[in-house]
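Taking it in order: structure first as structure tokens, then the write-up.
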Amino acid sequence: MELTLRYYGDPILRRQMPDVDAFDAQLRAEAEAMIDTMERESGVGLAAPQVGLEKRLLIALQMVDPDDSDAAPIVMVNPDILSRSRETWIFEEGCLSIPGIRGDVTRPDRIDVRYQDVDGATHTITAEGMFARVLQHEIDHLDGRLFVDYLSPGEKTLLKPKLKKLAERLTG
3 MELTLRYYGD PILRRQMPDV DAFDAQLRAE AEAMIDTMER ESGVGLAAPQ
53 VGLEKRLLIA LQMVDPDDSD AAPIVMVNPD ILSRSRETWI FEEGCLSIPG
103 IRGDVTRPDR IDVRYQDVDG ATHTITAEGM FARVLQHEID HLDGRLFVDY
153 LSPGEKTLLK PKLKKLAERL TG
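The sequence shown begins at 3 in this note's numbering and counts up by one.
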């Protein structure tokens with residue numbers, strides 16, 4: 003199964019994704035195809051709407067720090083953030099669906115997430131640092147939010163022409 007990235011300006015990126023209720027071979031095939039796509043595009047995470055799939059499904063590398071090249075991918079179905087730490091940190095984020103655009107985003111350093119695996123079993127994990135950041139970024143995609151929504155008003159103003167041009171170029 004070959005998946006194609008969707009880009010800034012595509013309406014699917016702004017929609018709330020519905021929960022997955024069928025834990026079957028199709029879901030497993032989509033998850034595998036998403037891992038392949040993420041690796042092909044050199045990403046650290048990928049959410050279903052970024053490849054045109056309308057469901058609460060994401061892939062994320064379990065990174066300890068931004069340079070962790072040996073991190074293994076995890077598949078999360080119907081993820082839900084249960085709690086967020088008060089401690090935050092700022093990091094320059096980018097997104098496969100918004101190529102060439104980066105910006106400083108403040109996010110909690112630690113989160114607790116409940117999710118299901120591709121077989122439907124429920125798990126709860128605590129993620130910290132870069133892994134927590136990647137998960138928050140990807141869960142935002144499932145809720146129709148993009149990292150550019152978190153930028154300062156000044157950054158948004160500076161990026162507005164670039165984003166408009168990007169949306170026009172990438173979505174026709």
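In this text, a Cβ means the ideal position worked out from N, Cα and C, and glycines have one as well.
Run through DSSP, which three-state label would residue i get?
{"i": "residue 25", "result": "coil"}
{"i": "residue 68", "result": "coil"}
{"i": "residue 116", "result": "strand"}
{"i": "residue 50", "result": "helix"}
{"i": "residue 3", "result": "coil"}
{"i": "residue 98", "result": "coil"}
{"i": "residue 88", "result": "coil"}
{"i": "residue 130", "result": "strand"}
{"i": "residue 78", "result": "strand"}
{"i": "residue 123", "result": "coil"}
{"i": "residue 55", "result": "coil"}
{"i": "residue 35", "result": "helix"}
{"i": "residue 62", "result": "strand"}
{"i": "residue 153", "result": "coil"}
{"i": "residue 1", "result": "In the structure displayed, the chain extends from 3 to 174; residue 1 sits before or after that span and is not available."}
{"i": "residue 169", "result": "helix"}
{"i": "residue 145", "result": "coil"}
{"i": "residue 18", "result": "coil"}
{"i": "residue 8", "result": "coil"}
Taking DSSP's pairing of strands, which residues face residue i in a bridge?
{"i": "residue 103", "result": "Looking at the DSSP assignment, residue 103 forms no beta bridge with any residue, so it has no partner."}
{"i": "residue 109", "result": "91"}
{"i": "residue 83", "result": "115"}
For residue i versus residue j, is the C-beta distance shorter than 7 Å?
{"i": "residue 5", "j": "residue 53", "result": "yes"}
{"i": "residue 59", "j": "residue 75", "result": "no"}
{"i": "residue 109", "j": "residue 96", "result": "no"}
{"i": "residue 133", "j": "residue 65", "result": "yes"}
{"i": "residue 122", "j": "residue 25", "result": "yes"}
{"i": "residue 18", "j": "residue 146", "result": "yes"}
{"i": "residue 37", "j": "residue 81", "result": "no"}
{"i": "residue 51", "j": "residue 143", "result": "yes"}
{"i": "residue 84", "j": "residue 135", "result": "no"}
{"i": "residue 48", "j": "residue 32", "result": "no"}
{"i": "residue 92", "j": "residue 106", "result": "yes"}
Could you check how far apart the C-beta atoms of residue i and residue j are, in whole angstroms? I think they sit under 8 Å.
{"i": "residue 7", "j": "residue 98", "result": "6 Å"}
{"i": "residue 114", "j": "residue 89", "result": "Actually they are not in contact, since the Cβ atoms of residue 114 and residue 89 sit about 14 Å apart, beyond 8 Å."}
{"i": "residue 77", "j": "residue 119", "result": "7 Å"}
{"i": "residue 127", "j": "residue 10", "result": "So it is not a contact: roughly 30 Å between Cβ atoms."}
{"i": "residue 67", "j": "residue 131", "result": "6 Å"}
{"i": "residue 153", "j": "residue 165", "result": "So it is not a contact: roughly 10 Å between Cβ atoms."}
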